Amino acid sequence: MDSSSKRSPRSPYCPFVPPLRRLAPTLLLVSLAFARPGISQDNRALVVRSSGPWGIIESYPVTLEPPATHLWEALYDERSHWNFGSVDQSTARKLLADLGLTEDTLSLVDREGVWKPTASGLDLEISDAIIESLRSEDRSALARWFRLNNEYFFSKTVINLEGGDFSAFENGKVSPATLDLVKKMAFKRRNVLSLMDRPYILRKLGNDQAEKEHFLRATFATRGLIVSLVVDETTDLDAVVDYWSADGWNQGIESTLRGVLSTSGVDRIDLVQILPPVPRRYLYGFTNLRDVVPNNTPDCFWASVQFFHRKASPRLLDSAACHQHLEGEFEPFEGELRFGDLICMFNESDGSFLHSYTHVANDIVFTKNGASFARPFVLTRKSDMLSVYLDESTFYERSYRRKPTSN
Amino acid sequence: MSRPPATVVFRIALPLLLLTADCALWASTLRTREVIKPPPGPWGALEYYRIPLDAPESYLQFLTTPSQQVEWSFPAGNEATLQGLLQEAGMTDAEIRLVTNGSTILSSSEIMRVFPKDETILTIPYGTRKKLYQALSRYGENRYHLRPIYIDSENLSSWFAGTNIPRSAIEDISLLAYPTPRERGYFFADTPFTLRRASSILDEKEILRGLLRKQSLIVRLRITQDSLTKEIDDYWTAGYKNKAVMPLLESVVAANNGAAIDIAHLLPATPRQLLNRFPSPADGIGGRLPDWFWTCYNFFRFVPREVYADSPERGQLILDEFVPTLPPLHFGDMLLLNSGPRTVHGCIHIADDIVFTKNGPDLFSPWVLMKLEDVVAYHDLYGDISLSVYRKPPAPPSSTP
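Just so you know, the protein sequences line up as chains P and Y, in that order. If you're matching positions, the first sequence starts at 28 in this note's numbering and goes up one per residue. If you're matching positions, the second sequence starts at 24 in this note's numbering and goes up one per residue.
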């Protein structure tokens with residue numbers, strides 16, 4: 028990898044190259060309403076079954092919203108503004124025209140926009156009329172400029188909707204009117220569906236605090252999976268133990284799996300019982316303040332590089348370049364992925380680090396998308412994880428395996 | 024020579040028939056365990072089953088193989104004192120004669136070491152063994168009696184299924200195990216004796232590893248949109264102490280109504296990380312390994328604090344951070360097991376008398392889920408355990424993670 032690659036903890040927005048990784052022979056079955064232990068006959072969920080070197084795993088999707096207590100005060104801020112950093116007012120005004128904003132919008136900016144120098148650079152406070160005049164492509168152009176030129180503002184303002192659709196808002200809690208507003212304000216950045224007018228929507232919700240909370244929770248909804256490993260008489264237990272033990276990095280699972288096999292009425296075990304300590308500790312959980320230091324919080328790299336660690340290390344929050352960790356504890360490889368392999372995504376244009384995740388089995392990965400408090404650590408499908416990374420730019424992937432002696 | 028009472032022989036030996044019936048089947052696929060589905064409670068509808076936990080193979084190197092010679096140590100300078108100690112333990116003169124006759128006795132001014140004959144060890148009646156071994160457990164030199172192996176099942180073939188313990192050793196165990204004072208489960212304290220069944224050093228290690236096997240529970244909560252009530256919400260969030268659990272429960276019922284979710288997902292981060300795992304040697308890098316108080320005190324703590332059962336601040340921490348309470352038990356309640364004035368153990372209530380516990384301060388004691396009755400039976404060497412309950416006051420709702 029490029030030795031200049033640095034982690035970018037506030038940048039979970041990776042460019043796009045859909046890399047077609049070779050997958051092990053896999054049988055995907057989509058089934059409804061299985062009548063067997065662990066899955067009720069009432070179940071109407073989509074259960075996906077896949078088989079391979081990992082044995083047979085079953086999974087069904089869940090959508091995790093951050094608890095209301097994880098919605099920090101700034102998220103409720105109703106002040107709409109754009110921040111142009113060190114750019115001066117006339118340059119910024121010209122930029123808006125260059126980005127293709129309509130004459131209507133530009134004249135509204137001139138009439139109603141309020142330019143304000145602030146400690147973080149030049150702000151333009153925007154009115155409802157300005158926001159309502161924006162087209163989807165205007166928002167896309169603005170977001171792109173912010174991502175390239177003012178990443179900090181971009182990361183605080185632009186929220187990517189996981190899965191690239193509005194399903195998180197169709198949860199029976201968010202009102203149809205709010206959903207309409209969200210649809211009106213949402214915009215595409217290539218394959219990524221984003222929202223940057225959160226303050227506007229909050230203003231429109233008036234004093235309805237509950238609705239504001241439902242809206243914000245749905246905005247940060249993250250797709251995860253509940254995953255079980257099937258252990259029954261057809262299971263090649265030695266092969267399954269071998270896969271999940273990952274060359275000894277994940278010890279102590281064999282007797283648990285044999286215990287399942289010797290129990291009547293049970294033929295699957297939740298993957299949480301098999302995962303190593305660190306991912307098990309954080310799975311479906313949100314960042315805790317005790318894991319945070321003043322200038323950094325746990326992110327994708329923090330989560331994936333420590334996958335086999337016994338305890339999470341604060342060292343991973345230091346500003347070390349990711350190659351230090353990769354070269355010290357891992358070795359790059361090509362070929363079949365196995366449980367616990369670390370995959371890093373690098374920006375194709377400059378080799379900078381974009382995102383990382385841990386391969387679990389088939390198309391299931393362990394990841395934390397970005398450094399946000401509102402994004403949990405999840406097992407999820409790779410396609411769902413990538414749904415917030417497939418924007419305008421491009422990336423390439425590299426696989427790493429833990430060195431045998433690095434424990 | 025006395026024989027064990029017939030009824031007890033039956034209770035212990037019967038499961039061995041399973042073992043002898045078909046060893047290959049026993050080793051691999053025999054389904055000898057069941058899923059238990061207790062009545063629902065404020066926690067919802069649980070179902071659970073038992074799983075064995077074997078210490079990692081790499082831990083075998085830490086095991087010191089004991090001598091096969093059984094030794095009973097008493098703080099007695101002469102035979103009269105020894106006789107007095109055994110009488111205090113409730114043994115009759117005939118019983119005392121039985122266990123000492125033919126034994127080799129080495130004595131010094133402080134300690135009397137009794138080396139019984141193999142025949143004596145095998146033929147001590149259960150009642151006598153119970154009294155003798157209880158007496159031995161009072162003296163630290165008798166480490167196998169001080170902390171006997173607890174077997175919570177009469178089905179030894181199920182208990183040892185998948186281990187490499189030879190059948191002859193399991194037969195020994197069936198003869199030498201004795202009922203706990205609570206008559207729930209069995210104690211086994213004759214590990215050195217069992218090693219005579221080994222034919223190699225490797226065998227000895229495997230027997231030791233098998234004997235060190237622990238049992239835990241896999242517990243699942245079955246939830247539906249109808250059953251996910253505020254009561255269940257309140258139960259598992261435990262007054263904001265476990266606040267992050269609800270998003271997952273809500274999303275599970277939304278996605279898979281009627282699913283059974285492993286309650287590992289519902290535990291706070293620290294116990295979830297440790298559940299069904301043995302401590303790592305790295306956990307002792309600060310000088311010692313976690314024990315029961317470390318486990319209880321840190322249940323709701325995201326970052327564990329290094330406090331132990333014998334830490335001077337233990338009492339004050341309980342006074343400052345917990346309040347004494349009474350059943351019904353809540354999620355996260357700390358249960359202390361008291362033997363007279365001494366607290367001998369503590370564990371955390373999860374639901375329906377299932378507790379989270381670490382039963383020893385050593386490398387071979389994993390963090391497990393067990394039925395409270397089994398934890399009490401495990402630690403109740405003298406039949407005098409009483410319980411006290413402490414609850415961490417609810418945390419106020421907070422706007423920070």
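Beta carbons are placed, not taken as given, at the ideal position from N, Cα and C, and that holds for glycine. Since the structure is predicted, the reported quantities are computational estimates derived from the model, not experimental observations.
Host alpha helix (DSSP H) of Thr348 (chain Y) (start-end) | As a working note, residue 348 (chain Y) is residue 325 in the second sequence. No alpha helix (DSSP H) holds Thr348 (chain Y); the beta strand (DSSP E) holding it covers 346-348.
Got a sec? Which residues, its chain only, sit under 6 Å from Leu135 (chain P) by beta carbon, not counting five neighbours each side?
-> Here residue 135 (chain P) corresponds to residue number 108 of the first sequence, with the count starting at 1. The residues are Ala156, Ile157, Ser160.
With 7 Å set as the bound, which would you pick, yes or no: does the beta-carbon of Gly185 (chain Y) sit closer than that to a beta-carbon of chain P?
-> Translated into the one-based positions of the second sequence, residue 185 (chain Y) becomes position 162. Interface residue, yes.
For Arg328 (chain Y), name the three-state secondary structure that DSSP assigns.
-> Locating residue 328 (chain Y) in the second sequence gives position 305, where the first residue counts as 1. Correct three-state label for Arg328 (chain Y): coil.
Any Cβ of chain Y within less than 7 Å of the Cβ of Pro341 (chain P)?
-> Residue 341 (chain P) sits at position 314 when you count from the first residue of the first sequence. Not one chain Y Cβ lies under 7 Å of Pro341 (chain P).
Alpha carbon of Leu316 (chain P) to alpha carbon of Tyr413 (chain Y), nearest angstrom = Counted from its first residue, the first sequence places residue 316 (chain P) at position 289. Counted from its first residue, the second sequence places residue 413 (chain Y) at position 390. Each residue's Cα considered, the two are about 27 Å apart.
Which residue or residues does DSSP assign as beta-bridge partners of Ile253 (chain P)?
-> Against the first sequence, residue 253 (chain P) aligns to sequence position 226. Its beta-bridge partners are P:Tyr87.
Tell me the start and end of each unbroken alpha helix (DSSP H) in the region 293-341 of chain P that is at least 4 residues and wholly inside, in chain order.
-> 304-309, 327-332
Verify the CB distance criterion: does Arg308 (chain P) have a CB-CB separation below 7 Å to chain Y?
-> Numbered from 1 along the first sequence, position 281 holds the residue referred to as residue 308 (chain P). It does; some Cβ of chain Y falls within 7 Å.
Cβ contact (3+ pairs, closer than 8 Å) linking the region 109-121 of chain Y and the region 151-159 of chain Y = yes
Among the residues of its own chain, which have a CB less than 7 Å from the CB of Ser340 (chain P), if the five just before and after it don't count?
-> Along the first sequence, read from residue 1 onward, the residue named residue 340 (chain P) stands at position 313. Contacts found: Gln333.
Can you give me the start and stop residues for the alpha helix (DSSP H) that Pro403 (chain P) sits inside?
-> One-based indexing of the first sequence puts residue 403 (chain P) at position 376. That residue, Pro403 (chain P), is in no alpha helix (DSSP H); it is neither H nor E in DSSP.
Decide if Tyr405 (chain Y) is buried, meaning its Cβ has at least 16 other Cβ atoms within 10 Å, or exposed.
-> Counted from its first residue, the second sequence places residue 405 (chain Y) at position 382. Exposed is the call here.
Pull up the distance between the alpha-carbon of Leu208 (chain P) and that of Phe387 (chain Y), whole angstroms please.
-> Residue numbering aside, residue 208 (chain P) sits at position 181 when the first sequence is read from its first letter. Residue numbering aside, residue 387 (chain Y) sits at position 364 when the second sequence is read from its first letter. C-alpha separation (whole angstroms): 58 Å.
What residues of chain Y sit near Gln278 (chain P), judged by a beta carbon separation below 8 Å?
-> Counting from 1 along the first sequence, the entry for residue 278 (chain P) is found at position 251. Chain Y residues near Gln278 (chain P): Pro79, Glu80, Ser81.
Chain Y contact for Asn396 (chain P) (CB, 7 Å cutoff) = The count along the first sequence starts at 1 and reaches residue 396 (chain P) at position 369. Not one chain Y Cβ lies under 7 Å of Asn396 (chain P).
Would you list the one or two residues that DSSP bridges to Gly148 (chain P)?
-> In the first sequence, the residue the question calls residue 148 (chain P) occupies position 121. BP columns for Gly148 (chain P) point to P:Thr145.
Unbroken alpha helix (DSSP H) run spanning His168 (chain Y), endpoints = Taking the second sequence and counting its residues from 1, the one referred to as residue 168 (chain Y) is at position 145. 166-169 is the extent of the alpha helix (DSSP H) around His168 (chain Y).
Mind listing the chain P neighbours of Arg295 (chain Y)? Cutoff is C-beta to C-beta under 7 Å, in chain order.
-> Numbered from its first residue, the second sequence carries residue 295 (chain Y) at position 272. Arg307, Arg308, listed in chain order.
Using DSSP with H/G/I as helix, E/B as strand and the rest coil, what is Phe316 (chain Y)?
-> Taking the second sequence and counting its residues from 1, the one referred to as residue 316 (chain Y) is at position 293. In this structure, Phe316 (chain Y) counts as helix in the three-state DSSP scheme.
Cross-strand partners of Asp285 (chain Y) (DSSP beta bridge) = Locating residue 285 (chain Y) in the second sequence gives position 262, counting from the first residue. In the DSSP output, where bridge partners are listed per residue, Asp285 (chain Y) has Y:Arg243.
According to DSSP, residues forming a beta bridge with Arg73 (chain Y) | The residue given as residue 73 (chain Y) occupies position 50 in the second sequence. Its beta-bridge partners are Y:Leu240.
In chain order, what residues of the same chain have a beta carbon less than 8 Å from the beta carbon of Asp256 (chain Y), not counting five sequence neighbours either side?
-> In the second sequence, counting from the first residue as 1, residue 256 (chain Y) sits at position 233. Closer than 8 Å at Cβ, skipping near neighbours: Met269, Leu272.
Using 10 angstroms around the beta-carbon of Gln248 (chain Y), count the other beta-carbons present and answer buried if the total reaches 16, otherwise exposed.
-> Position 225 of the second sequence, counted from the start, is the residue given in the question as residue 248 (chain Y). That one is exposed.
Quick one: which chain P residues come within Cβ less than 7 Å of Asp285 (chain Y)?
-> What you label residue 285 (chain Y) is simply residue 262 of the second sequence in a count that begins at 1. Going along chain P in sequence order, the residues near Asp285 (chain Y) (Cβ under 7 Å) are Asp297, Val299, Gln300.
Under 8 Å by beta carbon: chain P residues contacting Met357 (chain Y) | Within the second sequence, numbered from 1, the residue matching residue 357 (chain Y) stands at position 334. Going along chain P, no residue has its Cβ under 8 Å from Met357 (chain Y), so there is no contact; the nearest lies around 21 Å.
Using the beta-carbon of each residue, which ones in chain Y are nearer than 8 Å to Leu188 (chain P)?
-> Counting from one through the first sequence, the residue named residue 188 (chain P) turns up at place 161. The premise fails here: Leu188 (chain P) is roughly 16 Å from chain Y at the closest Cβ pair, so nothing lies under 8 Å.
Between P:Asp115, P:Val268, P:Glu419, P:Asn176, which lies nearest to Ser221 (chain P) when the distance is taken from Cα to Cα?
-> Position 194 of the first sequence, counting from 1, holds the residue named residue 221 (chain P). Nearest C-alpha to Ser221 (chain P): P:Glu419.
Buried or exposed (CB count within 10 angstroms, at least 16 for buried), Lys430 (chain P) = As a working mapping, residue 430 (chain P) is identified with position 403 in the first sequence. Per the 10 Å Cβ criterion, exposed.
Quick one: list the residues of chain P neighbouring Met393 (chain Y), beta-carbon separation under 8 Å, in chain order.
-> Along the second sequence, read from residue 1 onward, the residue named residue 393 (chain Y) stands at position 370. By Cβ distance, chain P contributes nothing, its closest Cβ being about 14 Å from Met393 (chain Y), past 8 Å.
Going along chain P in order, which residues have a C-beta closer than 8 Å to the C-beta of Leu271 (chain Y)?
-> Position 248 of the second sequence, counting from 1, holds the residue named residue 271 (chain Y). Going along chain P in sequence order, the residues near Leu271 (chain Y) (Cβ under 8 Å) are Val89, Leu91, Tyr311.
DSSP three-state call for His372 (chain Y): helix, strand or coil?
-> Numbered from 1 along the second sequence, position 349 holds the residue referred to as residue 372 (chain Y). In the structure shown, His372 (chain Y) sits in a strand (DSSP, three-state: E or B).
Do you know offhand how far Cys521 (chain P)'s Cα is from Pro291 (chain Y)'s?
-> It is not possible to answer for residue 521 (chain P), since the shown part of chain P is limited to 28 through 434.
Under 7 Å, do Val242 (chain Y) and Tyr71 (chain Y) count as touching if we go by C-beta distance?
-> Here residue 242 (chain Y) is taken as the residue at index 219 of the second sequence, counted from 1. Here residue 71 (chain Y) is taken as the residue at index 48 of the second sequence, counted from 1. Yes; because the gap between Cβ atoms is below 7 Å, this pair is in contact.
In the region 375-405 of chain Y, which residues sit with their C-beta less than 7 Å from some C-beta in chain P, listed in chain order?
-> none
Rounded to whole angstroms, what's the CA-CA distance from Arg365 (chain P) to Val387 (chain P)? Just pull it up for me.
-> Position 338 of the first sequence holds residue 365 (chain P). Position 360 of the first sequence holds residue 387 (chain P). Each residue's alpha carbon lies about 7 Å from the other.
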